[in-house]
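Following the working numbering from start to finish, the sequence shown increments by one per residue and tops out at 1511. Remarks on the structure that follows.
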Amino acid sequence: MFSKKILASVLFACLPLLSAKGYADVTPLNNSTSSKLEVGSLDVKWNHGSSNCATNKDPAIQVHAYNDNLVILRQNKCVNYEAPFMYLIFGEKRAILFDTGATKSATQFPIQKTVEALVVAHYGAAERANIELVIAHTHAHGDHIAGDAQFKGKANTTVVGTSPTAVANYFGFSNWPDGSVSYDLGNRTLELIPIPGHEDSHVAIYDQQTGILLSGDSLYPGRLYVRNWSAYRKSVAHLNDFLASREITHVLGAHIEMSTSPGVDYTVGTTYQPREHDLPLTRESLELLNTRLLDLGAFPQEDVQNDFIIYPL
Ligand SMILES: [Zn+2]
């Protein structure tokens, strides 16, 4: 598509203009005013497990700083095959973690200790007492909330509940699952959009500072399990409409299950993915998902695309 090629050249041409603060002047898709999105790096080789987990020497949690203000964490496949991704975002007043992984045990999977150390490193030990750490979730499935207990009762830490009502009450949704809300981290606004369908309390998170969309289990390079087909179709359309006027740099989900071969996924439960798909998807991925759901219609059907598989349950 020609217009997108032009946009790509504009983005490329802007790269040498990065300021010392790491901001780039880029042109939003459907808007004539320029925006300043904070850039970061996804240049990371994710640990992808072992064929024999007894020999696996990777840390329980891999940590990659996208930039100084956003950290991506991944659980080791040999600790739990789901190997979910988790996202820690820093604002001036609070930090928020989306998802706490698939394992309860702090010994096997020290998510609280790891995140607390990142928070202290970011704000400084003295300032930590003035910062609230919020533990929230893309959705309530066990492989995204198992680490919650590690955070409960810790100082300056709030653990958000996992039911749709708890999520709606905490973030201030008045008409769940319609609309969206803004959530302020202190000079940094996240926008949360309810997207039930994979799971009832699922939200997508759009970060105005980086242009990153966190899509949880609703869109990632893998099997998009759909439990409520009509709700999911509505949610994806809603999300697609919501983002039409916003610039998206990356769509980051909660797992990788596809391989580098188009349309080919790893089997469920594998602990070893030596040729796994890259984590980031794009606006085009979301648009394609929406188009496929429209085309498939009201009757749930499996649909294999290069980068994801729509997988009704
Ligand atoms: Zn899930």
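For each residue, glycine too, the CB sits at the ideal point set by N, CA and C. Keep in mind the model is a prediction, meaning the values are calculated, not measured.
Hey, out of the options, whose CA is closest to residue i's CA?
{"i": "V1379", "options": "I1446, L1484, I1391", "result": "I1391"}
{"i": "G1289", "options": "E1330, V1313, A1252, C1251", "result": "E1330"}
{"i": "Y1381", "options": "N1274, V1401, P1394", "result": "V1401"}
{"i": "M1284", "options": "S1249, E1482, L1477", "result": "L1477"}
{"i": "H1246", "options": "L1235, Q1273, L1268", "result": "Q1273"}
{"i": "H1262", "options": "S1239, V1277, Y1279", "result": "S1239"}
{"i": "T1360", "options": "K1352, A1347, E1236, L1316", "result": "A1347"}
{"i": "V1462", "options": "F1369, G1351, N1504, A1319", "result": "N1504"}
{"i": "Y1264", "options": "V1358, S1443, V1237, L1422", "result": "V1237"}
{"i": "H1339", "options": "P1375, S1416, S1249", "result": "S1416"}
{"i": "N1254", "options": "D1241, E1485, V1277", "result": "V1277"}
{"i": "V1318", "options": "G1345, N1354, T1305, Q1306", "result": "N1354"}
{"i": "A1429", "options": "I1507, K1234, N1488, T1363", "result": "N1488"}
{"i": "F1512", "options": "G1351, R1473, Y1464, N1426", "result": "Lying before the first or after the last residue shown, residue 1512 is absent from the chain, which here runs from 1199 to 1511."}
{"i": "R1444", "options": "Q1306, R1481, T1468, P1308", "result": "R1481"}
{"i": "K1243", "options": "E1474, L1492, V1502, G1495", "result": "E1474"}
{"i": "K1302", "options": "N1328, G1345, A1442", "result": "G1345"}
{"i": "A1304", "options": "K1350, L1268, A1327, N1328", "result": "K1350"}
{"i": "D1297", "options": "D1501, F1506, S1399, N1328", "result": "S1399"}
{"i": "L1268", "options": "L1235, C1251, S1248", "result": "L1235"}
{"i": "S1249", "options": "P1472, L1486, D1501", "result": "P1472"}
{"i": "T1464", "options": "K1352, G1377, E1314, F1506", "result": "Correcting the residue type first, residue 1464 is Tyr in the shown sequence and not Thr. Minimum Cα distance to Y1464 is reached at F1506."}
{"i": "L1411", "options": "G1377, P1362, L1479", "result": "L1479"}
Which whole-angstrom value is the C-beta distance of residue i and residue j, which I expect to be below 8 Å?
{"i": "G1395", "j": "I1446", "result": "In fact, because the Cβ distance is near 20 Å, the residues do not count as touching under 8 Å."}
{"i": "V1424", "j": "P1510", "result": "5 Å"}
{"i": "I1393", "j": "H1335", "result": "So it is not a contact: roughly 13 Å between Cβ atoms."}
{"i": "E1280", "j": "H1453", "result": "6 Å"}
{"i": "R1386", "j": "Q1407", "result": "5 Å"}
{"i": "V1358", "j": "A1364", "result": "7 Å"}
When you compare the CB positions of residue i and residue j, do they come within less than 9 Å of one another, or not?
{"i": "L1286", "j": "I1270", "result": "yes"}
{"i": "H1342", "j": "P1257", "result": "no"}
{"i": "T1312", "j": "I1333", "result": "no"}
{"i": "R1292", "j": "L1383", "result": "yes"}
{"i": "M1456", "j": "G1420", "result": "yes"}
{"i": "K1275", "j": "Y1470", "result": "yes"}
{"i": "Y1418", "j": "G1370", "result": "no"}
{"i": "I1259", "j": "G1299", "result": "yes"}
{"i": "D1266", "j": "H1337", "result": "no"}
{"i": "L1494", "j": "N1438", "result": "no"}
{"i": "I1309", "j": "L1422", "result": "no"}
{"i": "E1389", "j": "F1440", "result": "yes"}
{"i": "S1433", "j": "P1375", "result": "yes"}
With a threshold of 9 Å between beta carbons, is residue i in contact with chain B?
{"i": "V1237", "result": "Here chain B cannot be found, since the structure has a single protein chain."}
**Study point:** By C-beta, the residues closer than 6 Å to any heavy atom of ligand 1, given in chain order
**Key:** In chain order, the residues positioned with their C-beta nearer than 6 Å to some heavy atom of ligand 1 are H1337, H1339, H1396, E1397, D1415.
Point to revise | Segments assigned alpha helix (DSSP H), at least 4 residues, entirely inside the stretch 1313–1401 | key: Runs found: 1340–1343, 1346–1349, 1362–1369.
Review point. Quick one: complete beta strand (DSSP E) runs, 3+ long, within the stretch 1228–1291?
Key: Runs of the beta strand (DSSP E) inside the stretch 1228–1291: 1233–1236, 1259–1265, 1268–1273, 1283–1288.
Practice item. Write down every uninterrupted run of the alpha helix (DSSP H) in the stretch 1424–1503 whose length is 4 residues or greater and which is fully enclosed by it, in chain order. Key: DSSP runs (the alpha helix (DSSP H)) wholly in the stretch 1424–1503: 1427–1441, 1481–1494.
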